[in-house]
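Student: 1009 is the number of the first residue of the sequence shown in the numbering used here; add one for each residue after it. A single structure is presented below for examination.
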Amino acid sequence: MNATQPIVRFPQAILASSAREQLEEKLRRAVVDCRATHTSVAEPLLRRLAWHPGLAAELLCAELLTAKEIETLLSNPDAACSILLENYAGLCKQIEPRLLNHPPSVERLLTDQRTTHRTGLRTESEYLRLLRLDADRRYRLNSVIDRPIVLASLRDESEMRWGESPSMAYFYLVTHEDIPLTSQIVSVLGEDEEYLYLTLRLALGRRRPDSEIALFGDFHTAPWAFHVLRDRLLPERASALVDAVESHPAWVAQWWQIAGWDSAQLEKSYIRVAANCPRHELSPELYWFFRTVGGAPLQRTAA
1009 MNATQPIVRF PQAILASSAR EQLEEKLRRA VVDCRATHTS VAEPLLRRLA WHPGLAAELL
1069 CAELLTAKEI ETLLSNPDAA CSILLENYAG LCKQIEPRLL NHPPSVERLL TDQRTTHRTG
1129 LRTESEYLRL LRLDADRRYR LNSVIDRPIV LASLRDESEM RWGESPSMAY FYLVTHEDIP
1189 LTSQIVSVLG EDEEYLYLTL RLALGRRRPD SEIALFGDFH TAPWAFHVLR DRLLPERASA
1249 LVDAVESHPA WVAQWWQIAG WDSAQLEKSY IRVAANCPRH ELSPELYWFF RTVGGAPLQR
1309 TAA
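Following this line, the structure appears as structure tokens:
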């Protein structure tokens, strides 16, 4: 088990292909052509563009997208945050307000502001207030000097409110080591697979009994199945976890990057993903990433 690796918010391995420049140039030309012909950019192309944050930021700053197209482009908050961080100064007023109800993005904005020492639209205290309903982030992101006060307050609060949200249930378990995991607590955590994953990591690190680990159900979403696979938390469920990861090209590419699979295993996985997601907007990117990491030439998906 590896419980020390950071969370991946927005997988970018799929862009690390030998054809990235050509793929992005085709996307750029497609948008420019739509403006020249006064036609709308198709939604699948906009969803695909969102996975190319540098290019998306460039096109937004050049004002080459309509208001309706921008809504589609920024509909995934994790993608929108990645686009914003490509050019914070140029895009903050346009993108940041739509991210303020998404705690992972608020955390990324605050962390980036601290790391780069840039001036943001909001102060640290304003970002922290936006996280008032997320107990774990409220504690982790407070300054070290304030943490003892925040910890004491949240520890008491979690005893009364652990059933109200996955974040509070997780914080309750973090601060109460002797509390056993129950099906009721796991049910609350299951409302957000991020906190289900964090709790599984916590429980295994504390060597909780097998009867408690057995309470964790399957991870159905690609992001958190990837994290459980990466950290080798449930090796006996690896097949089901791979199935979940293979439901999304960007996450399966992230997995291929670290899986240590040979070319035959990669090819079988690629064929499964292509069959399960035949019309996914990232099919061209996945094909070229597959070729780049050593996959055998197959019939190319049109870009």
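Backbone N, C-alpha and C fix where the C-beta goes; we use that ideal spot for every residue, glycine too.
Decide if Val1253 is buried, meaning its Cβ has at least 16 other Cβ atoms within 10 Å, or exposed.
Tutor: Result: buried.
Student: From what residue to what residue does the alpha helix (DSSP H) around Leu1234 run?
Tutor: Going by the sequence as given, residue 1234 is Phe instead of Leu. Looking at the DSSP string, the run of the alpha helix (DSSP H) that includes Phe1234 is Ala1230 to Arg1238.
Student: Secondary structure at Thr1309, three-state DSSP: helix, strand or coil?
Tutor: Note that Thr1309 scores 44 on pLDDT, short of 50, meaning its location in the model is unreliable; the coordinates nonetheless yield the value given after this. Thr1309: coil per DSSP, three-state reduction.
Student: How about the stretch 1193-1209 and the stretch 1171-1178: do they share at least three Cβ pairs that are nearer than 8 Å?
Tutor: The stretch 1193-1209, when compared against the stretch 1171-1178, does touch it at the 8 Å Cβ threshold.
Student: Taking Trp1059 as the reference, give the member of Val1040, Ala1261 and Arg1155 with the closest Cα.
Tutor: Ranking the options by Cα distance to Trp1059, first place goes to Ala1261.
Student: Taking 8 Å as the threshold, find out whether the stretch 1276-1296 comes into contact with the stretch 1245-1259 through three or more Cβ pairs.
Tutor: Flag = yes, the stretch 1276-1296 and the stretch 1245-1259 touch.
Student: Of all the options Leu1189, Tyr1135 and Leu1294, which has the alpha carbon lying nearest to the alpha carbon of Thr1119?
Tutor: Comparing Cα positions, the closest option is Tyr1135.
Student: Which two residues bound the contiguous alpha helix (DSSP H) that contains Ile1187?
Tutor: No alpha helix (DSSP H) holds Ile1187; DSSP gives it neither H nor E.
Student: For Leu1141, count the other beta carbons within 10 Å of its own beta carbon; 16 or more makes it buried, fewer makes it exposed. Which is it?
Tutor: The residue is exposed, with fewer than 16 neighbouring Cβ atoms inside 10 Å.
Student: Kindly list the residues whose CB is nearer than 6 Å to the CB of Trp1296, restricted to its own chain and excluding five residues on each side of it in sequence; keep chain order.
Tutor: The answer, listed in chain order, is Ser1025 and Ala1027.
Student: Just confirm the distance between the C-beta atoms of Trp1232 and Glu1202, as a whole number of angstroms; I'd bet it's less than 8 Å.
Tutor: About 6 Å separates the two Cβ atoms, so the contact holds.
Student: Tell me which residues share the same chain as Gln1265 and place their Cβ nearer than 8 Å to its Cβ, disregarding the 5 neighbours each side in the sequence.
Tutor: The answer, listed in chain order, is Ala1021, Ala1024 and Val1301.
Student: For the alpha helix (DSSP H) that contains Ile1266, what are its first and last residues?
Tutor: Note, Ile1266: alpha helix (DSSP H), Pro1257 to Ala1267.
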